[in-house]
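The structure appears below as C-alpha cells.
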Amino acid sequence: MGTPLTPERVLQWEQRRRDAMLAGDAAALRELISGQVIYVHSSATRDTRDSYLKKISTGALRYLHLVLSDMQVQMVEGAALVTGRMQATVSRDGKEIPVRSAFLTVWVPEHGVWRLRAHQGTPVND
C-alpha cells in the first residue's frame, strides 16, 4: 500500500510546482502536470501542458517572484482540490507584469501518480 494521501502531501506538490515555476524548470513541471491538464491563467489565457511548458522552456513566460498563500486542501473521492492566493511578478514576452489572483487547482491520480489536472486563476484587486 502506498503512502496515504494527506493535505500536507498535496501542499508539498504545490510547493514543488511553485519552485519549478520560479526555476523555469519545464522538466520538473512535466512530471507534476497531467498531459490532459486544463490550465487557465488569471489573464484568461488557456494552455495545454505542452503549450505551457513551451512558454516556460523558451522563456516566453518567466516567474520572477511567486508567493502562494492562504492554501486550503479539500480531499474528495478521487481528487484533491486546492484553493489559495498567488502574488507574482511574471515576464511575458519580455514585459514584467504584476499578478494577484485567487486559484483553484485539481490533483488526480493517473496510473498511480498524482498530477495537476486543472488550474484556474482569477484576478483579484485587494
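Residues are numbered in this note's numbering as their position in the sequence shown, beginning at 1, plus a constant of 1022.
For every residue, glycine included, the Cβ atom is placed at its ideal position computed from N, Cα and C.
beta-carbon residue i near the ligand MN non-hydrogen atom, thresh 8 Å
{"i": "Asp1148", "result": "In terms of ligand content, the structure shown is empty, and the ligand MN therefore cannot be addressed."}
Length of the line joining the Cα atoms of residue i and residue j
{"i": "Trp1136", "j": "Leu1075", "result": "18 Å"}
{"i": "Val1098", "j": "Trp1129", "result": "10 Å"}
{"i": "Gln1094", "j": "Gly1046", "result": "25 Å"}
{"i": "Glu1053", "j": "Val1104", "result": "18 Å"}
{"i": "Thr1127", "j": "Ile1055", "result": "11 Å"}
{"i": "Ser1065", "j": "Thr1144", "result": "8 Å"}
{"i": "Ile1060", "j": "Thr1067", "result": "11 Å"}
Buried versus exposed call for residue i [16 or more other C-beta atoms within 10 Å across all chains shown]
{"i": "Met1043", "result": "buried"}
{"i": "Ala1102", "result": "buried"}
{"i": "Gly1100", "result": "exposed"}
Three-way DSSP call (helix, strand, coil) for residue i in this model
{"i": "Thr1067", "result": "coil"}
{"i": "Glu972", "result": "The displayed coordinates of the chain run from 1023 to 1148. Any statement about residue 972 would go beyond what the structure contains."}
{"i": "Thr1080", "result": "helix"}
{"i": "Leu1086", "result": "strand"}
{"i": "Val1138", "result": "First, the amino acid is wrong: residue 1138 is Leu here, not Val. DSSP places Leu1138 in strand when its eight states are reduced to three."}
{"i": "Pro1029", "result": "helix"}
Paired residues, beta bridge with residue i - DSSP
{"i": "Ser1123", "result": "Met1108, Pro1145"}
{"i": "Trp1129", "result": "Ala1102, Leu1138"}
{"i": "Gln1037", "result": "Paired residues: none, contrary to the question."}
For the pair the stretch 1080-1087 and the stretch 1104-1112, tell me if three or more CB-CB distances fall below 8 Å.
yes
Cβ contact check for the stretch 1034-1043 and the stretch 1113-1122: 3 or more pairs under 8 Å:
no
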